[in-house]
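K.L.:
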Amino acid sequence: MWTNGRGWCKSFLFAPANPAGLAICRIWFFGYLLYRAAGSGLETWALAPADLWQPILLLGWLPGPPRSAELLNGVHLAFVAAIALSLVGLGTRLSTKTAFVLGIFVYGLPNCFGKVSHGLTLVIFGLGFFALARAGDALSLDRLIGRLRGRSRPAPSGEYRWPIALMQLTMVLVFCAAGVAKLRTSGLAWIYSDTLLNYMVRAFYVGQDPATRLGPWLAQFPLLCNVLAFGTIWCEVTAPLALFSKRYRWFVIPSLFAMQVGIDLVMGISFHHYLACYLFWIPWSDLADRTAAMWRRQPALSPPAKLVPSLRRAA
Amino acid sequence: MSAWRQRAIGHLAVTIVVAHLAAMIWKIDEWPLSNYSMFSSLMKGEVRRQMVYGVTVGGGERMLRADAYFAPLGVSKLSHCLNVANRADEKLKKRDRATTDERLPKVARSLLDLYDDRREKGLHHGPELIGLRLYEVRWRIDPKLANLDHPEHRKLVAEYVVDQP
Numbered sequence: 002m003w004t005n006g007r008g009w010c011k012s013f014l015f016a017p018a019n020p021a022g023l024a025i026c027r028i029w030f031f032g033y034l035l036y037r038a039a040g041s042g043l044e045t046w047a048l049a050p051a052d053l054w055q056p057i058l059l060l061g062w063l064p065g066p067p068r069s070a071e072l073l074n075g076v077h078l079a080f081v082a083a084i085a086l087s088l089v090g091l092g093t094r095l096s097t098k099t100a101f102v103l104g105i106f107v108y109g110l111p112n113c114f115g116k117v118s119h120g121l122t123l124v125i126f127g128l129g130f131f132a133l134a135r136a137g138d139a140l141s142l143d144r145l146i147g148r149l150r151g152r153s154r155p156a157p158s159g160e161y162r163w164p165i166a167l168m169q170l171t172m173v174l175v176f177c178a179a180g181v182a183k184l185r186t187s188g189l190a191w192i193y194s195d196t197l198l199n200y201m202v203r204a205f206y207v208g209q210d211p212a213t214r215l216g217p218w219l220a221q222f223p224l225l226c227n228v229l230a231f232g233t234i235w236c237e238v239t240a241p242l243a244l245f246s247k248r249y250r251w252f253v254i255p256s257l258f259a260m261q262v263g264i265d266l267v268m269g270i271s272f273h274h275y276l277a278c279y280l281f282w283i284p285w286s287d288l289a290d291r292t293a294a295m296w297r298r299q300p301a302l303s304p305p306a307k308l309v310p311s312l313r314r315a316a
Numbered sequence: 054m055s056a057w058r059q060r061a062i063g064h065l066a067v068t069i070v071v072a073h074l075a076a077m078i079w080k081i082d083e084w085p086l087s088n089y090s091m092f093s094s095l096m097k098g099e100v101r102r103q104m105v106y107g108v109t110v111g112g113g114e115r116m117l118r119a120d121a122y123f124a125p126l127g128v129s130k131l132s133h134c135l136n137v138a139n140r141a142d143e144k145l146k147k148r149d150r151a152t153t154d155e156r157l158p159k160v161a162r163s164l165l166d167l168y169d170d171r172r173e174k175g176l177h178h179g180p181e182l183i184g185l186r187l188y189e190v191r192w193r194i195d196p197k198l199a200n201l202d203h204p205e206h207r208k209l210v211a212e213y214v215v216d217q218p
C-alpha cells in the first residue's frame, strides 16, 4: 500500500507533461492577474486610518502603515511589470520570482488593516509555484529566443506537471478546510438550521451589496436552503477526492465553481481570483498533445495517393 | 528532472499539506495560511455590526453604507475593523478607566478625513459632514428587507464632531 501511495504521489506530481500545458496555465494566470491589477491601484492605502494598522506576519517587518502614495504606486507598477513579463514569458524565471515577492506586499497590504480576507490566498500560493517552476519553456518569448539560438524543443517532463498538481492540491485543501471549519464550529446544525438562509439575507444589512436579490428570494424556501447548505459542506469536505478520482472530479470541481459564482450573486462576496484558478483543472497538457498529434496527421489532408498518378498523367 | 529537484518538490508538497492540516487543527489564521472559518458559525436571525453614521451640517445623522465613502476600506471590512478596535478599547478601559488612549475616536477622525478627501476628489457624492459617529447596530433579519434602514437597536461607541464656530 505504501508503495502504491508513493507511486500515486510520484505520478500525480511528476508524470511527464507537455510544456505547453503549464505555459497555457501561465498565460491564463498572469493574464488574469494583469487584468485585475491594471484596474486597481495600491496608492489609496496610503490614506487608510493608521490606527487600524495590524500587520500580518509576512509584512511584520514594515515599521508602520506606508504613507507615501508615490512609493505604493511605484511598487504596484513594478508588480504589474513583473506579471506582464511573466505573461509573455520574457526573463520568466526572474519575472515570476519578482511577481511572487512583490505579490506578497501588494496582496498582503490590504490584510494589514483590521481584517484578513482570504480571496487571494490561492493566488499567492500560485505565484510561489510559478516562481519555482520552469513555466517559460513554451509559448514564451524566452522559448522564441532559445529557438533563434538553436536550442531544441523541451521534451515532456515532470517539470511541467508539478506546479499544476500543487495548485490543485492547495485548492482542494482550502475547500476542505472551509468545510471542516463549518462542521467543527457548528456541527450538522449548520445544515439543518436557518444559518445559510440568514447569511444570504444578512449580506444586505452589512453592505456586501449583492448584485441580485436572489438571497431574499431563496429565503422563502427554507428547505431548499438546507439542501444548498448540505451540498456546500459535502462538496467542500470531499474536495480532496478530486485528486484521486477522475469521475468525482467532474462532479465536485464544477460544483465548487458553481457554488462560488452563487455566493457572489447571492451574497456579494466575490471570488474572482479563485474562479481564475479553476483553469488549472483542465488537462491542458493532454489537449496540447492531442492538438500536436492532429497537427502531425495533417499531411493526410494533402491529395490522396490515388489521385497523384492521375494528376501526374494530366500534367 | 533531477532527483534532488523531485525530492525538493515532494517536500514542498508535504509542507503544504501539513501546514493546511495544522491550520485546520489549531485554527491558525496567518495570511496566506488559514483555517477558512468565515461563515462557519451558526447564524441566528439577528445581525450586529459596527456602522458609521455621518453627522450632517444641520445636525442630522445618516448611515454611510456605500463602499465608495471609505475606499479602499469597504463597508464590510470597515465594520470588522471597527469591531476589533472597539474590543481593544474595551479591554484598555477595563485595565485603566481613566485612559485617553482609545483608538476609536482617532479612527473616527481619520475616517472623516478620508471621507472628505474622497468627496473633494469627486470619488463619491455623499453629503457634507461635520462629524462621524460609530454605532453598534442590531437588526432582526427580515427576508423582505423592510427594516434595512431602521435597526432595532443602536449604541453609540465613539464619535468625532468638528467644533462649529
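In order, the protein sequences belong to chains Z and D. Residues in the first sequence are numbered from 2 upward in steps of one, following the working numbering. Residues in the second sequence are numbered from 54 upward in steps of one, following the working numbering. For glycine and all other residues, C-beta sits at the position ideal for the given N, C-alpha and C.
Is there contact between the segment 69-82 of chain Z and the segment 40-47 of chain Z, where contact requires at least three CB pairs shorter than 8 Å?
P.N.:
Yes: the two stretches touch, three or more of their Cβ pairs being nearer than 8 Å.
K.L.:
Around the Cβ of N5 (chain Z), are there at least 16 other Cβ atoms within 10 angstroms (buried) or fewer (exposed)?
P.N.:
By 1-based counting over the first sequence, the position of residue 5 (chain Z) is 4. Flag for N5 (chain Z) reads exposed.
K.L.:
Assess, as a yes-or-no matter, whether the segment 169-187 of chain Z is touched by the segment 238-254 of chain Z under the definition of 3 or more beta carbon pairs within less than 8 Å.
P.N.:
Output reads yes: the segment 169-187 of chain Z touches the segment 238-254 of chain Z.
K.L.:
Can L185 (chain D) and G107 (chain D) be called in contact, C-beta distance under 8 Å?
P.N.:
Within the second sequence, the letter at position 132 stands for residue 185 (chain D). Within the second sequence, the letter at position 54 stands for residue 107 (chain D). Yes, these two residues count as a Cβ contact at 8 Å.
K.L.:
What's the gap between the Cα of E143 (chain D) and the Cα of D149 (chain D)?
P.N.:
Translated into the one-based positions of the second sequence, residue 143 (chain D) becomes position 90. Translated into the one-based positions of the second sequence, residue 149 (chain D) becomes position 96. Cα to Cα, E143 (chain D) sits roughly 10 Å from D149 (chain D).
K.L.:
Report yes or no: do the segment 192-206 of chain Z and the segment 155-163 of chain Z share at least 3 C-beta pairs separated by less than 8 Å?
P.N.:
Not touching, per the Cβ criterion.
K.L.:
For R214 (chain Z), does the three-state DSSP call read helix, strand or coil?
P.N.:
In the first sequence, residue 214 (chain Z) corresponds to position 213, counting from 1. R214 (chain Z) falls in the coil class under three-state DSSP.
K.L.:
Please list the partners that E160 (chain Z) has in chain D, where partner means a Cβ-to-Cβ separation under 7 Å.
P.N.:
By 1-based counting over the first sequence, the position of residue 160 (chain Z) is 159. What E160 (chain Z) touches in chain D: M54.
K.L.:
Do we get a CB-CB distance below 8 Å when we pair G175 (chain D) with the residues of chain Z?
P.N.:
Along the second sequence, one-based indexing puts residue 175 (chain D) at 122. For G175 (chain D), the answer is no, since every Cβ of chain Z falls outside 8 Å of its Cβ.
K.L.:
Can you list, in chain order, the stretches of the beta strand (DSSP E) that have 3 or more residues and sit fully within the segment 85-146 of chain Z?
P.N.:
The segment 85-146 of chain Z contains no whole beta strand (DSSP E) run of 3 or more residues.
K.L.:
Taking Cβ to Cβ, would you say G216 (chain Z) is nearer than 8 Å to M201 (chain Z)?
P.N.:
Within the first sequence, residue 216 (chain Z) is the residue found at index 215, counting from 1. Within the first sequence, residue 201 (chain Z) is the residue found at index 200, counting from 1. Closer than 8 Å, so yes.
K.L.:
Note down, in chain order, every chain Z residue with its Cβ under 9 Å from the Cβ of Q59 (chain D).
P.N.:
On the second sequence, position 6 is the one that residue 59 (chain D) refers to. Under the 9 Å cutoff, chain Z gives K11, L14, F15, G159 and W163.
K.L.:
Considering only their Cβ atoms, is the gap separating M91 (chain D) from H119 (chain Z) smaller than 8 Å?
P.N.:
In the first sequence, the residue the question calls residue 119 (chain Z) occupies position 118. In the second sequence, the residue the question calls residue 91 (chain D) occupies position 38. The answer is yes: Cβ separation under 8 Å.
K.L.:
Verify the CB distance criterion: does A124 (chain D) have a CB-CB separation below 8 Å to chain Z?
P.N.:
Your numbering for residue 124 (chain D) matches position 71 in the second sequence. Chain Z contact via Cβ: present.
K.L.:
Decide if A294 (chain Z) is buried, meaning its Cβ has at least 16 other Cβ atoms within 10 Å, or exposed.
P.N.:
Working through the first sequence from its first residue, we reach residue 294 (chain Z) at position 293. So A294 (chain Z) counts as exposed.
K.L.:
Measuring CA to CA, which of Z:T292, Z:L198 and Z:Q261 is closest to K97 (chain D)?
P.N.:
Position 44 of the second sequence, counted from the first residue, corresponds to residue 97 (chain D). Nearest of Z:T292, Z:L198 and Z:Q261 to K97 (chain D), Cα basis: Z:L198.
K.L.:
Is it buried or exposed, L110 (chain Z), if we count other Cβ atoms within 10 angstroms and call 16 or more buried?
P.N.:
Taking the first residue of the first sequence as 1, we reach residue 110 (chain Z) at position 109. Burial call: buried.
K.L.:
With the cut-off set at 8 Å, would you say A354 (chain Z) and L63 (chain Z) are in Cβ contact?
P.N.:
In the structure as shown, chain Z starts at 2 and stops at 316, and residue 354 (chain Z) therefore has no counterpart that could be examined.
K.L.:
Would Q221 (chain Z) be called buried (16 or more neighbouring beta carbons within 10 Å of its own) or exposed?
P.N.:
Locating residue 221 (chain Z) in the first sequence gives position 220, where the first residue counts as 1. Its Cβ having fewer than 16 others within 10 Å, Q221 (chain Z) is exposed.
K.L.:
Note down, in chain order, all residues in the segment 176-189 of chain D with a beta-carbon under 7 Å from any beta-carbon belonging to chain Z.
P.N.:
So nothing in the stretch comes that close.
K.L.:
I need the DSSP call for Q261 (chain Z), collapsed to helix, strand or coil.
P.N.:
Here residue 261 (chain Z) is taken as the residue at index 260 of the first sequence, counted from 1. Helix at Q261 (chain Z).
K.L.:
Under 8 Å between C-beta atoms, does Y247 (chain D) make it to chain Z?
P.N.:
This structure cannot speak to residue 247 (chain D), because chain D is shown only from 54 to 218.
K.L.:
Buried or exposed: where does V309 (chain Z) fall if 16 or more other Cβ atoms within 10 Å of its Cβ makes it buried?
P.N.:
Position 308 of the first sequence, counted from the start, is the residue given in the question as residue 309 (chain Z). Confidence in V309 (chain Z) is poor, its pLDDT being 47 and thus under 50, which makes the residue's placement unreliable; the coordinate value appears in the next sentence. V309 (chain Z) is exposed by the Cβ-count criterion.
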